[in-house]
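Below is one structure, written out as structure tokens; the observations come after it.
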Amino acid sequence: MKIKRLFIFLVLCCCFTILFFNARSGSLPQKSYSVLPLDELRYFSNVFAIIKNNYVENIDDKVMIDNAISGMASNLDPHSSYLNMDDYKEIQSVTNGKFGGLGIEVSFIDGLINVISVIEGSPADLAGIIQGDQIIKIDHVLTQRMTLHEAVKMMRGEPGSSVVLSILRQKPDTILVFNIVREVVKIDSVRSKMINGDVLYMRIMHFQEKTMLEMIEHFKQMNNQKEIRALILDLRDNPGGLLSSAIEVAGVFLDSEALIVSTRGRTVESNIDYFSCNECCYSSFTNIRSSLRNIPMLVLVNSGSASASEIVAGAIQDYDRAKIFGDITFGKGSVQAVLPLDNFTGLKLTISRYFTPLGKSIQAEGIHPDYIIIDDSSSALSFKRREVDLKGHLSNINDNLLPEIDMRESQINQFHVRKDFNFGDDNDFQLKQAIHIFFDLLSDNEDSRKKD
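Quick note, the sequence shown lines up with residues -23 to -1, 1 to 429 if you use mature numbering (1 follows the signal peptide of the UniProt record, and there is no 0).
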């Protein structure tokens, strides 16, 4: 199966953690660069000349060079790529949480544009687009022969303008037409509400600069209304975001200066250990921090939980701070750096892998929940693709641990859910099942303490 995946929220939302280096400032990782042997240079030059002189149409030299660089980078792994002028502009503006468009994440699978996820409250969400939809026409133009970038470009536009999407929705096969008005989409980072009277349900949809502070404020406001008995941290369909934000969020629930995540690569600069903040960082909300470190909690994940989400879930699991519920996560355990080639173009290059505090690689393996609750609803089937399904993905260097992980997975409880749900709503059966198991565990622990 041919799979091309591009994590785009119509304009390249920062779904996965990306590092930026400035070549002019000298912060670009320095090392002795390999020199291309003369024979290889001659070979490349010969191919260039053959195409230039014999192809049926004239080709611009710069276009040929750009295509060569693009092929060189994109064949390394699914997340490395050459950034032309348009791509480079987009990726430099992805961390502010705002972008123009429809609010969908799309993927190119078997020649079709697939909707991978929809931002809650976005124009696409309000219009009725759901994950698993296949976009077959944009403004009445067939997408079959479009590249993913061409399709994305057609769906973008000025806020207030409209675009017509023709959608193929499976089970049953139905073609639907949506007229959607483009907007500047603001990604909400945190949403929360009380459920069952005294349980705080907190959903983090994307890791942004102020996510930890938003989370603290939500907890503070809810706790002022009624004392919170337990916390549910929902990371489902959270595609990632800022590494610094993930470290801050995980650190709130763990001890000060605890190892959260490590990165390891070929260069010294890519080998970094990231720790939670010391107590001074939490001086303005010491009491809330104490509550968050000790309150009973569970974490919900699924196959759409990627990168920064996996870092948070992995750290919480490794320190046994909380049980993880849901489905195996995406398995995006690599770090990309944007390396400028000049002022207008660059390379997005994979430079290292993530490791959890216990040294487990997330790459192509994901975080395995303590209690697996699988959603088998038809609308979620298309989102079951993970990093391991992507052509050319990096392998997991802890392959020797995989039999042990497989054995563990076969021993843990599995619960299957077959109904559609909206995250956090009354019909969220995945959440309901997790709560049921969670409070059974709490009750068992309380009974054990009483006996002791």
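All C-beta atoms in this analysis are idealised placements derived from N, C-alpha and C, irrespective of residue type, glycine included.
Non-local C-beta neighbours of His370 in its own chain, meaning closer than 7 Å and more than five positions away in sequence, comprise Asp54, Pro55, Ala341, Glu364, ordered along the chain. Fewer than three Cβ pairs drawn from the segment 293 to 311 and the segment 42 to 50 lie within less than 8 Å of each other, which leaves the two stretches out of contact. Inside the segment 9 to 84, DSSP marks whole alpha helix (DSSP H) runs of 4 or more residues at positions 15 to 31, 38 to 51, 62 to 69, from first to last along the chain. Linking Val278 to Leu212 through their CA atoms gives a straight-line distance of about 5 Å. Taking 3 residues as the minimum length, the beta strand (DSSP E) runs contained wholly in the segment 220 to 270 are 236 to 242, 249 to 252, in order along the chain. Ala283 sits in coil when the DSSP states are folded into three classes, being neither helix nor strand.
A straight-line Cα-Cα distance of about 12 Å links Phe416 and Lys300.
Between Leu142 and Ile112, the beta carbon gap of about 6 Å places them in contact (Cβ cut-off 8 Å).
With respect to Gln185, Ser222 sits close: the two C-beta atoms are nearer than 8 Å. Judged by their CB atoms, Thr327 and Asn61 are not nearer to each other than the 8 Å cut-off. Residue nearest to Arg206 within the set Val176, Gly217, Ser233, Phe230 is Val176 (criterion: CA-CA distance). Contact between Ile115 and Met131 holds: their C-beta atoms lie close to 5 Å from each other, under 8 Å. Between Glu287 and the set Val167, Asn215, Asn320, the nearest pair of CA atoms involves Asn215. Ranked by Cα distance from Arg146, the options Gly242, Asp110, Ile412 are led by Asp110. Apart from the 5 residues on each side of it in sequence, Met199 sits with its Cβ closer than 7 Å to the Cβ of Ser169, Met171, Leu177, Ile205 in its chain, given in chain order.
Cβ-Cβ distances below 8 Å link Lys197 to Phe262, Ile265 in the same chain, with the five nearest sequence neighbours on each side left out; the list follows chain order. According to the DSSP secondary-structure assignment, Asp211 is paired through a beta bridge with Arg180, Leu277. Val118 is bridged by DSSP to Ile115.
As summarised for the segment 142 to 205, the continuous alpha helix (DSSP H) elements at least 4 residues long and confined to that stretch are 188 to 202, given in chain order.
In terms of Cα proximity to Ile90, the closest of Val312, Ile81, Ile96, Glu67 is Ile81. No Cβ-Cβ contact shorter than 8 Å links Ser247 with Ser338.
With 16 or more other CB atoms across the displayed protein chains lying within 10 angstroms of its CB, Gly228 is buried. Taking the Cβ atoms as the reference, Leu220 lies roughly 23 Å from Tyr59, outside the contact range of under 8 Å. In the DSSP annotation of this structure, the continuous segment of the beta strand (DSSP E) that includes Ala314 starts and ends at 311 to 317.
It is roughly 37 Å from the alpha-carbon of Glu127 to the alpha-carbon of Asp16. In this chain, the alpha helix (DSSP H) harbouring Lys130 covers 125 to 132. C-alpha of Ser233 to C-alpha of Ala292: approximately 13 Å in a straight line. In the DSSP assignment, Asn422 forms no beta bridge with any residue. Straight through space, the alpha carbons of Tyr65 and Asn320 are spaced by roughly 9 Å.
From the listed residues Val315, Val276, Tyr331, the smallest Cα separation to Tyr348 is found for Val276. When DSSP states are grouped into helix, strand and coil, Lys337 belongs to the coil group. Counting C-beta atoms within 10 angstroms of its own C-beta, Lys39 has fewer than 16 neighbours from the protein chains shown and is therefore classed as exposed. Straight across, the Cα-Cα distance linking Gly78 with Asp165 is about 15 Å.
Under DSSP, Asn91 shares a beta bridge with Ser84, Gln111. At least 8 Å separates the beta-carbon of Ala314 from that of Gly217.
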